[in-house]
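J.:
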Amino acid sequence: MMMHGGRSNRSGPREGGPMAAMRKGDKARNFKVTMIKLAQYLSAYKVRIIIVVIFAIASTIFNIVGPKVLGNATTKLFEGVMAEISGTGSIDFDYIGRILLIMLILYIISSMFAYLMGWMMAGVSTDIAYRFRKEIAAKINRLPLSYFDKTTQGEVLSRITNDVDTVNQTLSQSLTQIITSVITVIGVLVMMLSISWLMTLVALIVIPLTLVIVSFIVSRSQIYFKEQQDYLGHVNGHVEEMFGGHRVMKAFNGEERSIEQFEGYNTTLYSVAWKSQFLSGLMMPIMSFIGNLGYVAVVVVGGYLTVRNAITVGDIQAFIQYVRSFNQPLMQLANISNVLQQTAAAAERVFEFLDEPEEVKETE
1355 MMMHGGRSNR SGPREGGPMA AMRKGDKARN FKVTMIKLAQ YLSAYKVRII IVVIFAIAST
1415 IFNIVGPKVL GNATTKLFEG VMAEISGTGS IDFDYIGRIL LIMLILYIIS SMFAYLMGWM
1475 MAGVSTDIAY RFRKEIAAKI NRLPLSYFDK TTQGEVLSRI TNDVDTVNQT LSQSLTQIIT
1535 SVITVIGVLV MMLSISWLMT LVALIVIPLT LVIVSFIVSR SQIYFKEQQD YLGHVNGHVE
1595 EMFGGHRVMK AFNGEERSIE QFEGYNTTLY SVAWKSQFLS GLMMPIMSFI GNLGYVAVVV
1655 VGGYLTVRNA ITVGDIQAFI QYVRSFNQPL MQLANISNVL QQTAAAAERV FEFLDEPEEV
1715 KETE
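Be aware that the sequence shown starts at 1355, since it is given in our numbering, and climbs by one per residue.
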C-alpha cells in the first residue's frame, strides 16, 4: 500500500500482494482440533443439549412410525377393494378413519417436539455467539499495538461479525439437522429391516458409493472454504483501511495501487467462493441421482415380492416411503458436511484471534 504514517509497513495479507495471501490459504485447517474447541463451548450447555437430543429422538420416532401405520391402512383398503370385486365384503372405512386419526396425532406430536428442539437450540447458539463477541471484545483490549500494526481493523471486524455469525447459524440450524438426520437413519433402518431384509439390503447397496463421493467432495471443498473466509477478511480489511485513510492515500497518489490491490483480493475471493460453492453444489444432485437408482431397485424387488405374496401392498408402500426417508437424511448429512467445513473455517479464525499472544504487563 503506497501509504505512510501509522500504517505504512503492514504485514499480513498485504505483504507480498494477493499471491502471498493465496499461499497462506492453501494450507488445510486442522478440522478436528477446531471442532474440539467448539465442543468445549457447547459443553457448558450440555443439559440443554441433552434435552434437545431427547426432543429430537421423540420427534423422529413419532415421525418414523407414520409410514408403517399408513401401510396398515393401505393394506386394509386394498383388501376391501379386492373383497368388493369378488363380492365377499366391502371397504372398512371406519378402520381407515381411525388409522388416519392416529397418523394426525403422531405428526402433531412430532411437530411439537421439533419446535421445542429448534427453540432450545436457538437459545444455545445465541448464547455462544454472545460469548464469542464478549471474549473478542475483551481480547482486543489485551492485544499489543504490534498486532494492530500488522492487522487491519476490517480483518478484526470480519471475525466479530462474519465468522461469529457463521458459527451461530450452523449451531442453530445444522446441529439440530445432524441430530435428527442420524436418528432418522437409525430408526428408518430398523423399520425397513422389520418389513424385509432383502429389500433393505438392496437399498443399502448404494451407501458405499455415496460415502466415497462425499469424502472426495468434502476433501476438495475444505481448502476453498478456508480461503473464502480468509479473503473475506482481507477484502473487509482493505475497504476499511481505504475509507478510513482515503485522504492520506490521495495525498500520496495511492489510488491506482489501492484499486489494483482490491481487484486482486476481490478476484481471488470470487474464485475460491465459486469453487467452494460449485463443489458443495455437486453434492445434492449426485446424491439424489444415486438415491434414485437405489429407489428403482427397491421398487423392482418389492414388486416381485408382492407378486409372490411375500409382502403386503401396505408394507411395500411403507417401505418405499422409508427409502425416501432414508435417502433424505443422508443427503442432508452430505450437505451439512460442506456447511461444517465453512463453520470450521470461521471458528478457526475466531480461535486464532483469541489465541493471539497478549501484551505483557510491565512489572515495577
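From the three backbone atoms N, C-alpha and C, an ideal C-beta is built for every residue, glycine too.
Can you tell me whether Ser-1440 is buried or exposed? The criterion is at least 16 other CB atoms within 10 Å of its CB, across all chains shown.
T.: Ser-1440 comes out exposed.
J.: Rank Phe-1680, Glu-1713, Phe-1486 by C-alpha distance to the C-alpha of Leu-1516 and give the top, closest one.
T.: For the sequence presented, residue 1516 should be read as Asn rather than Leu. When each option's Cα is compared against that of Asn-1516, the closest is Phe-1486.
J.: So the alpha helix (DSSP H) Ser-1440 belongs to, where does it begin and stop?
T.: Element bounds for Ser-1440: 1400-1440.
J.: With a floor of 4 residues, list each alpha helix (DSSP H) that falls wholly inside the region 1514-1563, ordered by position along the chain.
T.: Here the runs fully enclosed are 1518-1523, 1529-1549, 1551-1558.
J.: Look up Glu-1712 in the DSSP assignment and say whether it is helix, strand or coil.
T.: Here Glu-1712 sits in coil by DSSP.
J.: What is the residue span of the alpha helix (DSSP H) that Asp-1481 lies within?
T.: Per DSSP, Asp-1481 belongs to the alpha helix (DSSP H) from 1447-1494.
J.: Measure the Cβ-Cβ separation of Ser-1634 and Leu-1586 and say whether it is below 8 Å.
T.: No.
J.: Does the distance from the C-beta atom of Ser-1642 to that of Met-1685 stay below 8 Å?
T.: Closer than 8 Å, so yes.
J.: Is Val-1560 closer than 8 Å to Gly-1657 when the C-beta atoms are compared?
T.: No, they are not a contact pair.
J.: Mapping the DSSP letters down to three states, classify Arg-1574 as helix, strand or coil.
T.: In this structure, Arg-1574 counts as helix in the three-state DSSP scheme.
J.: Between the alpha carbons of Asn-1495 and Tyr-1501, how many angstroms are there, rounded?
T.: Each residue's Cα considered, the two are about 11 Å apart.
J.: From Ser-1526, Pro-1711, Arg-1574, Ser-1569, pick the residue whose C-alpha is nearest to that of Leu-1470; which is it?
T.: The residue with the shortest Cα to Cα distance from Leu-1470 is Ser-1526.
J.: Could you say which of Thr-1530, Gln-1582, Val-1566 lies nearest to Arg-1402 if we only look at CA atoms?
T.: Arg-1402 has its Cα closest to that of Thr-1530, out of Thr-1530, Gln-1582, Val-1566.
J.: I'd like the span of the alpha helix (DSSP H) that includes Pro-1639, first residue to last.
T.: Looking at the DSSP string, the run of the alpha helix (DSSP H) that includes Pro-1639 is 1609-1661.
J.: Answer with buried or exposed for Lys-1381, where buried requires no fewer than 16 other C-beta atoms within 10 angstroms of its C-beta.
T.: Low local confidence applies: a pLDDT of 34 at Lys-1381 is under 50, so the model's placement there is unreliable, with the coordinate-based value given in what follows. That one is exposed.
J.: DSSP three-state label for Leu-1497, please.
T.: Three-state DSSP puts Leu-1497 in coil, outside helix and strand.
J.: Output yes or no for whether 8 Å exceeds the beta carbon distance between Leu-1460 and Val-1419.
T.: Yes; because the gap between Cβ atoms is below 8 Å, this pair is in contact.
J.: In three-state terms, what does DSSP make of Arg-1377?
T.: Residue placement at Arg-1377 cannot be trusted, given a pLDDT of 34 that sits under 50; what the coordinates show is reported in the next sentence. Helix, per DSSP.
J.: In or out: His-1588 buried (at least 16 other Cβ within 10 Å) or exposed?
T.: The residue is buried, with at least 16 neighbouring Cβ atoms inside 10 Å.
J.: Could you check what DSSP says for Ser-1569 in three-state terms: helix, strand or coil?
T.: Three-state DSSP puts Ser-1569 in a helix.
J.: Could you tell me whether the region 1616-1628 touches the region 1540-1560, using the rule of 3 or more Cβ pairs below 8 Å?
T.: Short answer: they don't touch.
J.: Are there 16 or more other CB atoms within 10 angstroms of the CB of His-1600, so buried, or fewer, so exposed?
T.: So His-1600 counts as exposed.
J.: In terms of residues, what are the limits of the alpha helix (DSSP H) holding Ala-1393?
T.: Residues 1385-1396.
J.: Considering only their Cβ atoms, is the gap separating Gln-1671 from Thr-1722 smaller than 8 Å?
T.: One cannot answer for residue 1722 here, as it falls past the ends of the chain, which runs 1355 to 1718.
J.: Considering just the uninterrupted stretch of the alpha helix (DSSP H) at Ser-1444, what are its terminal residues?
T.: That residue, Ser-1444, is in no alpha helix (DSSP H); it is neither H nor E in DSSP.
J.: Quick test of your reading: Glu-1713 and Pro-1498, contact by CB under 8 Å. State the CB separation rounded to the nearest angstrom.
T.: Correct: roughly 4 Å between the Cβ atoms.
J.: Assuming Phe-1409 and Ser-1464 form a contact by the criterion Cβ under 8 Å, report the distance between their Cβ atoms to the nearest whole angstrom.
T.: 10 Å between Cβ atoms; not a contact.
J.: Which residues bound the alpha helix (DSSP H) around Ala-1605?
T.: Ala-1605 -> alpha helix (DSSP H) spans 1600-1605.
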